[in-house]
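One structure is given below, encoded as structure tokens.
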Amino acid sequence: MLRIALKGILGRKARLVLTSLAVILGTAFLSGTAVFSATLNRTFDNLFSDVFRNVDSYVRSTQVIEADFGAEERQRIPAELIAMIEAVPGVGDVQGDIQAFARIIGKDGQPLGSEGAGPPTFGSVGEEFKGALWTISEGKFPSNSTEVALDEASAKAGNYVVGDIVKVVAQTGSREFTLVGIAGYGDVRSPGGATFALFDLATAQEFLAKPGFVDAILISGDGSASDEELAQAINAIIPSSYKTETLTGAEITKETQDQIGSALSFFSILLSTFSYIALGVGSFVIYNVFSISAAQRQRENALLRAIGASKKQVTRALMIESVVVGLFGSTIGLFAGIGLSKALSALLKAASIDLPSGDLVVPSSAVVNTIVVGLIVTVASAWLPARRAGKVPPLAAMRETAIEIVVLSRRRSLFGLILIALGAATIVAVTSGASNKWLGLGILFVFSGTITLGPVIARPVALLLGKPAEKFRGVTGTMARQNSARNPKRTSRTASPVLIGVALVTAVAALAASISSQIDGVFTQQFKGDYAINTNARGFGGLSPSLADDINALPEVERATGIGLLTVKIDGKGQYLTTINPATVEGVYDIGLTSGSYADLTPETIFVSQQYAENNDAKLGDTLQVTLADAQVKTLSIAGIYEFDELAGKYTVSRDLTKDTTVITFDLGVYIKIKSGVSDESARTALQAAVDKYGQGTLLSKREYIDSQSGQINQLLGLIYGLLFLSVIIAIVGIIITLLLSVFERQREIGLLRAVGMTKSQVRTTVRWESVITSLLGAVVGIVLGVGLGWVIVYALRDQGLSSFSVPVGPTVSILIMAFVIGVLAAVYPAWRATRVNLLAAITTA
Amino acid sequence: MKNPSAATATNVSKIYGHGDSEVRALDNVSVQFETGKFTAIMGPSGSGKSTLMHCMAGLDEMTEGSVTIADIDIASLKDKDLTKLRRDKIGFVFQSFNLVPTLNADENIRLPLLLGNNKGNEEWIQKVINTVHLQDRLTHRPSELSGGQQQRVAVARALASEPAIIFADEPTGNLDSTTGNEILSFMRKAVDELGQTIVMVTHDPVSASYADRIVFLKDGKIAGELLEPTPELVLDYMKKLGH
Ligand SMILES: Nc1ncnc2c1ncn2[C@@H]1O[C@H](COP(=O)(O)OP(=O)(O)O)[C@@H](O)[C@H]1O
Ligand SMILES: [Mg+2]
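For the protein sequence lines, the chains are G and D, in the order given.
Note that numbering that gives the first Met the number 0 has the first sequence beginning at 0, numbered continuously upward.
Note that numbering that gives the first Met the number 0 has the second sequence beginning at 0, numbered continuously upward.
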């Protein structure tokens, strides 16, 4: 039997290739993402061991506030420590390190790099230091407050040469410098696509950070002591009042690598999740191909049975074939994946994210995983068709045509309906109080139920969707419509990958639509002004608080107020406080104050949200202990309670809270109300001039601002769409394979049609419309499921503040158009094959 | 004046393969099929009957010679025009697998018209349907029809577009003799009452006797002709040919 199986496989290479194609694609994504993640990880590991290669000790503050999402804000340390450390025996070279926000302005007045999205823009220290990675490739390091050096990539992007005047924007404002040097970073032109403006230490402190302070101190030893001894010696001489710690080079390297590693692991998990989804989708294609090819070989198998092969032997022959296909497919998939990960790196490079050159890392786990998973998925997908093949009665050998016999059992309908009912019941249970945990199970039930019911609904839905084709395309449309409905099992298996992909996309789109409509609503309610200045430099500072003051002073402006964010510790936990200017906020930005007045907000008081007050039983006059980033503790009494906490969060304080501290604050947005009677044009001109002075922030009208806020979610959407694209490709390949097999199966029919006068273009039309109907079938059912799934997700997030569900109308329309296009594209090759059917052979084969 | 010949083959040869494996399926065949007549082609298996029919119907390319259908020289036609010629000027009945399984009887009958976006002559179509007694089977799919009914639908389809000529390759080969005779009398009726032109390949003397004229083929050549045949005459003639 083994020999018969192997002969069968080799005898039909085309079928082997088609069957393997789905396996190849599925496993290629799996291995591609694994190799890409591993390579990226290794690259960053190497990068950071390079960064600290010659750093033997690292001194930094122990004061750190950890906020949500792993963000942490570490305090700066006094620069006077540098001199103290230089005196420690064993120390060779010392450098103060600063890394802060700075943007290089191009010759056209536009900043280099992008605000918000994309790699960050830094200002840092560029000085002669034994441990430094910056090496001057042209000119020299800056040595006074008028000089700057740029990383090579930025200099090239901005068309800057040594001697040019360069404008740089930082926290303290914008300033012009003379470009004195161009620097490379290790072996790349710029680290990871970030832009760097480099200054001497004093300028960096004063311009980028805070005079007298540095972020950390880098030390390279003179070789007389081990790293551990050196770190101990340094630690010993720094008084504990400075609240610092000293790490060895190895420790800081490891810590940074771990941080990057955990950031990347999120990315890796995301990538591999989507590649498993793609593989899952692929398993439908594999299952479908095996089913069709088993059906097409019905006579052959029946003949084997008639001449004495047992059921088991026939089944085993197909299983052996699936093992061969699985091994063959996943081996090719493995290599294709390695190519794919190279392509991904090239893509990043093209997007000017210059990763340090590193060799491709192919972890052995990825190799084993790809082959094993590919094999298991293939064999599992072939199991049912193989068993069915074994059950073929020997008599079938005598039948004239080998057409898949479609019996839709009532059991299937019943089972599908039960699954859907179970799922619906689970979801209803959650909405009436059960834990969110059950939602996943509910969704799984509904999906499995729908897929089980697939063949039952495929026929009526395909016939319905085919109506327009019949109307506009006449008899070719009729045939396409009937062809797509003639084997509902096959059609539904072909449409299932489309269904899953579309359902996921729709659900994500529904979530995004809900979020953005909510954001829209919140801003419309709370933002009462006419214009806003926006910055996306989150986590790296924001707008200077004096911008709001400047704008307030403009004659065209009725009132302008800045809103910012402050990271503090309350009860030992990192928290964000919203900072407002109580003198100007009223009438421009509404937080829905229900008790107290803005005048009550002083550096000694705090406002809390109504929700917070209820949850914590807090009332006016109660006090809160707030630890600022510089470790100062403030006791604030509650002076007001507000209702709108979607943006302001739990706590709101006056921006003067930090006035007498070393903590720097900035505004994340400035909100502006224009005097009545001032024209839009003159308001815009005046405001733009004020913004330009700071070289930072974007001036937007109220509508533009609200759209930009609610549109932010679309970036996330883009990423998820990109990843789901993998599944879409597999779905397309699934349609192509099925159509090819169907065309093969219907050779005689096509030959007959050609004989009685169907033109080649009509043959193509028939195949194309069948494909479109199949694709639309998947899309329509997928949209229905996806909207439901989206609703469930939005519901599950109600505690996170998502309160209303929106149907993603625009995306749904695009999905339908996409499904149409996919149908047309998938049909191109099969339709061409159909026109190549040998007319005579088709007619004369008995 | 109307050409008395619906289809004409002149010095047609068809060679399959080349070198040692060369098969001369048709060897310099010239034959005319008269308009309004029912002609049968007979000959032993492998004598080239089907090949002749395929070449004359534009289903296969001939190696040499020329064929005209309704005064059109088919050798000069491109695939698209040839397809249209088959659709508009030629009717086909094959031995089996004549119908599109996804279309019902009515759609199958009108298939050539539908493909040409052509309404056709409704009066004629009704007449054809009545002649083959399919009035109450029109909405049925092929799988719901008996073998005889399927062949009747095929005959009706061949007639529906009032073609210049109908080619039938052993149309009763898969039927029992009663059903086969029924089909043959329909074809006879189509010629006598509806004025159609039919060329039928068969190896059965009884079937052939329904025709006005029989053309005999042997080894790819015309071996003889018989007019106004009866089954006995046919058998005698076949014996004479050494069959
Ligand atoms: N496609 C082909 N390739 C090679 N030889 C063929 C082909 N079709 C038919 N022949 C040969 O041509 C000859 C005539 O065949 P055919 O016209 O089918 O005979 P008939 O219909 O009279 O039985 C036979 O010898 C047959 O083997
Ligand atoms: Mg023949």
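Note that the Cβ used here is the ideal one computed from N, Cα and C, for glycine as well.
Close beta carbons around Gly241/D, own chain, < 8 Å, minus the five adjacent residues each side: Excluding positions up to five away in sequence, the list is empty.
Cα-Cα, which of Leu232/D, Lys88/D, Leu76/D and Gln125/D is closest to Ala210/D? Selection Leu232/D, Lys88/D, Leu76/D and Gln125/D evaluated against Ala210/D yields Leu232/D as nearest (Cα-Cα).
Check whether the Cβ of Lys48/D lies closer than 7 Å to any heavy atom of ligand 2, and answer yes or no. yes
Find out if the Cβ-Cβ distance for the pair Leu725/G, Ala193/G is shorter than 8 Å. No Cβ-Cβ contact shorter than 8 Å links Leu725/G with Ala193/G.
Does the distance between the C-beta of Ser95/D and the nearest non-hydrogen atom of ligand 1 fall short of 7 Å? no
Check whether the region 78-87 of chain D touches the region 16-23 of chain D, counting contact only when three or more Cβ pairs, one atom from each stretch, lie closer than 8 Å. no
If you measure between the beta carbons of Ala21/G and Gly281/G, is that distance less than 8 Å? yes
Can you tell me whether DSSP reads Arg14/G as helix, strand or coil? helix
Counting only beta-carbon atoms, is Gln481/G nearer than 8 Å to chain D? yes
What is the rounded straight-line gap between the Cα of Leu686/G and the Cα of Ile550/G? 7 Å
Go through its chain and collect everything with a Cβ distance to Arg411/G's Cβ below 8 Å, but skip five positions before and after it. Thr451, Leu452, Pro454 and Val455
For Asn40/G, count the other beta carbons within 10 Å of its own beta carbon; 16 or more makes it buried, fewer makes it exposed. Which is it? buried
Residues of chain G with a CB under 9 Å from the CB of Asp59/D: which are they? Leu838 and Leu839
Check whether chain G comes within 8 Å of Gly47/D, counting only Cβ atoms and requiring the distance to be less than that. No, its Cβ sits nowhere closer than 8 Å to a Cβ of chain G.
Cβ-Cβ separation, Pro384/G to Phe289/G (assumed contact under 8 Å), whole Å: Yes, Phe289/G and Pro384/G are in contact; Cβ-Cβ is about 4 Å, under 8 Å.
Between Ser271/G and ligand 1, is there a pair consisting of the residue's CB and a ligand heavy atom that are separated by less than 7 Å? no
Would you mind working out which of Ser515/G, Leu443/G, Asn287/G and Gln231/G sits nearest Ser380/G, comparing C-alpha positions? Asn287/G
Exposure label - Asp666/G; buried when at least 16 CB within 10 Å: Counting Cβ neighbours within 10 Å, Asp666/G comes out buried, since at least 16 surround it.
Cβ closer than 7 Å: which chain B residues qualify as neighbours of Leu752/G? Absence of chain B from the displayed structure is noted, the protein chains being G and D.
Would you say the beta carbon of Val22/D comes nearer than 7 Å to a heavy atom of ligand 2? no
Nearest candidate by alpha-carbon position, reference Gly668/G, set Thr626/G, Thr660/G, Thr577/G and Glu555/G: Thr577/G
Quick check: is any heavy atom of ligand 1 less than 7 Å from the C-beta of Gly415/G? no
Indicate, with yes or no, if ligand 1 has a heavy atom lying under 7 Å from the CB of Ser44/D. Relative to ligand 1, the nearest heavy atom lies less than 7 Å away from the CB of Ser44/D.
Would Ala99/G and Leu207/G be called neighbours here (beta carbons separated by less than 8 Å)? Leu207/G is positioned such that its CB atom lies closer than 8 Å to that of Ala99/G.
State the DSSP-derived secondary structure class of Tyr704/G, mapped to helix, strand or coil. Secondary structure at Tyr704/G: helix, using DSSP grouped into helix, strand and coil.
Does the CB of Arg747/G have a neighbour CB from chain D at under 8 Å? Yes, because at least one Cβ of chain D sits closer than 8 Å to the Cβ of Arg747/G.
Return yes when the Cβ of Gly563/G is within less than 8 Å of the Cβ of Thr664/G, no when it is not. Between Thr664/G and Gly563/G, the C-beta gap is smaller than 8 Å, which places the two residues in contact.
Which residues of the region 465-480 of chain G have a Cβ closer than 9 Å to any Cβ of chain D? Give them in chain order. Gly473, Val474, Thr475, Thr477, Met478 and Arg480
What distance in whole Å lies between the Cβ atoms of Gly180/G and Ile135/G, which are believed to be in contact at a cut-off of 8 Å? 5 Å
Between the CA atoms of Ile73/D and Cys54/D - distance to the nearest angstrom: 10 Å
Does the CB of Gln761/G have a neighbour CB from chain D at under 8 Å? So, interface residue.
Using a C-beta to C-beta distance shorter than 9 Å, which residues of chain G count as neighbours of Asn116/D? Gly473 and Val474
Nearest to Ile417/G (by Cα), restricted to the options Arg387/G, Pro459/G and Thr449/G: Thr449/G
Integer-rounded CB distance, given that Ala159/D should sit under 8 Å from Leu98/D: At roughly 13 Å, the Cβ-Cβ gap does not stay under 8 Å, so Leu98/D and Ala159/D are not in contact.
Per the contact definition of three or more C-beta pairs closer than 8 Å, is the region 215-231 of chain G in contact with the region 132-147 of chain G? no
Can you give me the Cβ contacts of Ser267/G inside the same chain, cut-off strictly under 7 Å, excluding the 5 residues immediately before and after it? Ser36
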